[in-house]
Structure formats: C-alpha cells, structure tokens
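Here's the structure we're looking at; comments come further down.
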Amino acid sequence: MTELKDRGVVSVSDRRRPLVRTWFGVVQAVLLVVLIVSGLGPLLWAAKASVSPSNDIVSDPMGIWFSPNDWGNLALAWNGAQIGRSLGNTVILAVGSTLSTLIVSVAAAFLLSVLRPKWGPWLSGAILATLFLPGVVSFVPLYLTILDLPLLNISLQDTFWAVWLPAGASAFNVVVLKRFFDSIPREYMEAATIDGAGPMRILTMVVLPLSRPILGVIVLLSIVGSWKEFLWPMLVLSNPDLQPVSVMLPRLATGNSPLAVQMAAVFLSIIIPVVLFAIFQKQFLRGVGTAGGVKG
Numbered sequence: 001m002t003e004l005k006d007r008g009v010v011s012v013s014d015r016r017r018p019l020v021r022t023w024f025g026v027v028q029a030v031l032l033v034v035l036i037v038s039g040l041g042p043l044l045w046a047a048k049a050s051v052s053p054s055n056d057i058v059s060d061p062m063g064i065w066f067s068p069n070d071w072g073n074l075a076l077a078w079n080g081a082q083i084g085r086s087l088g089n090t091v092i093l094a095v096g097s098t099l100s101t102l103i104v105s106v107a108a109a110f111l112l113s114v115l116r117p118k119w120g121p122w123l124s125g126a127i128l129a130t131l132f133l134p135g136v137v138s139f140v141p142l143y144l145t146i147l148d149l150p151l152l153n154i155s156l157q158d159t160f161w162a163v164w165l166p167a168g169a170s171a172f173n174v175v176v177l178k179r180f181f182d183s184i185p186r187e188y189m190e191a192a193t194i195d196g197a198g199p200m201r202i203l204t205m206v207v208l209p210l211s212r213p214i215l216g217v218i219v220l221l222s223i224v225g226s227w228k229e230f231l232w233p234m235l236v237l238s239n240p241d242l243q244p245v246s247v248m249l250p251r252l253a254t255g256n257s258p259l260a261v262q263m264a265a266v267f268l269s270i271i272i273p274v275v276l277f278a279i280f281q282k283q284f285l286r287g288v289g290t291a292g293g294v295k296g
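Reminder that position 79 of the sequence shown reads as 79 in UniProt numbering, one-by-one numbering, no gaps.
Following this line, the structure appears as structure tokens:
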C-alpha cells in the first residue's frame with residue numbers, strides 16, 4: 001500500500017496514534033458545534049420566534065424553544081403586514097436587476113475582451129476607476145437623473161425601472177466577466193470566425209456556453225444583493241405598494257405590529273435567499289473557483 005504523503009503540521013504516523021486521533025476528534029466536534037451554533041443558531045431562533053407568542057419572546061428570548069407554536073403569526077405577517085406583496089415586489093426587482101446586470105456586464109466584457117476596439121483600454125481604465133469611488137457619492141447625481149431622465153425628459157420615480165437601470169452599471173461584474181472572457185482560448189473565436197460566425201454568434205455560441213459557471217455566480221450575487229438593498233429602493237420607491245421587503249420591514253417595526261408578527265416577517269424575508277443559496281451552492285463555489293478560466 002502506498003504511503004500517504006505528510007500533510008499539514010501533523011504527520012500521517014502521528015495521526016495513527018490513539019491520543020492524537022482522540023484530540024483531533026474532540027477539536028473537530030467542537031468546531032462543528034461552534035459552526036452550527038454561529039451559523040444556523042440565529043436562523044433557527046428566528047424560525048422559532050416567528051411561531052412563538054410575543055410575550056414569550058420579550059420575557060424569555062431563549063426559553064421560546066419550550067413555548068407552544070402559534071402558526072397564525074405567519075398568516076398575519078403574510079396578509080396583514082403585506083409581506084407577501086412586498087416579497088413579490090422584491091422578486092420582481094431582483095429578476096429585473098439581474099437581467100439588467102447580465103445584459104450590461106456581458107456586453108461590456110465582450111466588447112473589451114473579444115472585440116477589443118482601439119479605445120478599449122481607455123474604457124477599461126475608466127471602469128476600473130469607478131471601483132475606487134464610494135457608492136454613496138453617486139447617489140445624488142443618480143437620483144437627479146432618475147427624476148429627470150436625459151433626452152426622454154421623464155421621471156422614473158415610483159417605477160421599477162428606477163431600480164433596474166442603475167443595477168446594470170456594475171463595474172465589478174464587468175471586470176470579473178472580462179477576466180473570465182480573457183481566459184477563454186482565442187482559438188475558439190478564431191475558428192468560429194473562419195466558419196463565418198459574426199460577433200453575436202460568437203457571443204451566443206462560444207463565449208456564453210463556456211461562461212456558465214461565472215454567469216451563475218453573477219446571477220446569484222445580483223439576486224442576493226438586490227434582495228437586501230435598502231437605501232436606494234427607499235429613495236426611489238415612495239409608494240408602499242411598490243416597496244420591497246427590505247423597505248417594508250423597518251416600517252413594520254416602527255408600527256403597531258406585535259413582535260411575533262415582526263419576527264414572522266423577518267423569517268419569511270430571509271428564508272428565501274438562504275434556500276436559494278443552499279440549492280445553488282455547488283454552482284456558486286464552482287464558479288468562484290474557476291478563476292483560472294477555461295483550459296484549452
């Protein structure tokens with residue numbers, strides 16, 4: 001049998017000693033418990049608080065595990081607090097923002113990485129320069145632009161477009177996609193060009209199929225980022241019927257809603273992105289790990 005190579009600070013021979021194996025098992029068990037408590041603990045507590053009476057949450061927050069369940073809190077949060085409508089608005093905003101991000105980022109990255117115009121380095125430098133600017137700096141000019149859209153002279157206030165359009169201008173996504181497109185062997189594009197493919201066909205038939213891992217990462221990050229966005233939707237969506245759940249939750253907390261209903265609303269708002277990440281975690285980690293690009 002081939003001897004395993006030593007790894008880490010403890011050799012293979014030391015790992016076979018009973019005392020070392022015991023300590024390793026203890027340390028691993030402790031770390032597992034710490035990770036479960038720190039990671040799943042708050043989520044599990046929010047889940048139990050969402051179906052617990054308000055008096056029990058206030059009087060004994062850690063004793064709610066033994067309190068009876070009140071499933072009516074979820075119904076009150078969904079219907080009475082209008083969390084269902086807010087979640088629907090959040091889904092609409094997340095889908096629209098993600099599509100806007102993909103269209104703009106893919107087009108810009110394809111232009112800079114594959115088409116490579118003469119003025120491409122200047123545009124790439126300008127995009128990189130925006131990464132050094134705090135996002136809050138652009139709030140005032142962006143808000144004024146939303147109030148009076150240039151050329152069209154219309155206001156996007158209280159419309160979903162006010163959130164969708166600015167979401168597409170993501171310099172970080174453009175840089176990430178450009179780096180991935182740069183790693184795709186040029187021979188693929190040259191072969192497609194010889195076969196008579198134009199730029200659009202090269203994009204749809206060559207570049208995008210090879211970029212599915214990184215596109216999945218951008219989609220997931222865009223959805224999560226849009227789901228938790230608070231300040232910008234609050235500024236441009238003053239109509240409560242259009243506001244996402246991130247804006248409705250603070251309003252619910254300042255109102256007269258019982259604490260149990262507030263916790264039910266919080267749980268309903270966080271469970272969806274958690275489930276989404278749990279389902280697509282393999283694609284996310286695979287895309288993050290594909291920093292080296294595609295090997296030809």
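Heads up, the beta-carbon is just placed ideally off N, CA and C, and yes, glycines get one too.
Remember, it's a predicted structure, so these values are computed and weren't measured experimentally.
Look at the Cβ atom of residue i, then the Cβ atom of residue j, and state whether they are nearer than 8 Å.
i, j, result
"V266", "A46", "yes"
"I127", "V174", "yes"
"L221", "S105", "no"
"A192", "I184", "no"
"S97", "A169", "no"
"A109", "F181", "yes"
"D158", "S100", "no"
Can you check which of these residues, the options, is closest to residue i by C-alpha distance?
i, options, result
"L268", "Q82, S54, V33", "Q82"
"W161", "V176, D148, G80, A49", "D148"
"K48", "D195, R17, M263", "M263"
"R186", "V136, P18, L210, L151", "L210"
"L235", "V136, V58, F24", "V136"
"R212", "S13, A129, I270, L102", "L102"
"S246", "I146, F230, L156", "F230"
"V275", "E190, F66, L40", "L40"
"L44", "I146, I214, W65", "W65"
"P117", "P199, M205, W23", "P199"
Helix or strand or just coil, what does DSSP make of residue i?
i, result
"K282", "helix"
"L44", "helix"
"W78", "helix"
"L259", "helix"
"W71", "coil"
"T145", "helix"
"L133", "coil"
"I92", "helix"
"A197", "coil"
"R251", "helix"
"G296", "In this prediction, G296 has a pLDDT of 44, which is less than 50 and means its spatial position is unreliable; what the coordinates show is noted afterwards. Three-state result, G296: coil."
"L156", "coil"
"D56", "helix"
"L31", "helix"
"S170", "coil"
Pop quiz: residue i and residue j are said to be a contact at Cβ under 8 Å. What is the actual Cβ separation, rounded to whole angstroms?
i, j, result
"A273", "W227", "The sequence shown places Pro at residue 273, not Ala. About 5 Å separates the two Cβ atoms, so the contact holds."
"S86", "M248", "4 Å"
"N69", "V51", "4 Å"
"Q243", "N89", "6 Å"
"L93", "V163", "5 Å"
"A260", "N73", "5 Å"
"V217", "V114", "With a Cβ gap of about 20 Å, V217 and V114 do not count as contacting."
"L131", "A171", "5 Å"
For this session: Give, in chain order, every unbroken run of the beta strand (DSSP E) that is at least 3 residues long and sits entirely within the stretch 202 to 243.
Result: none
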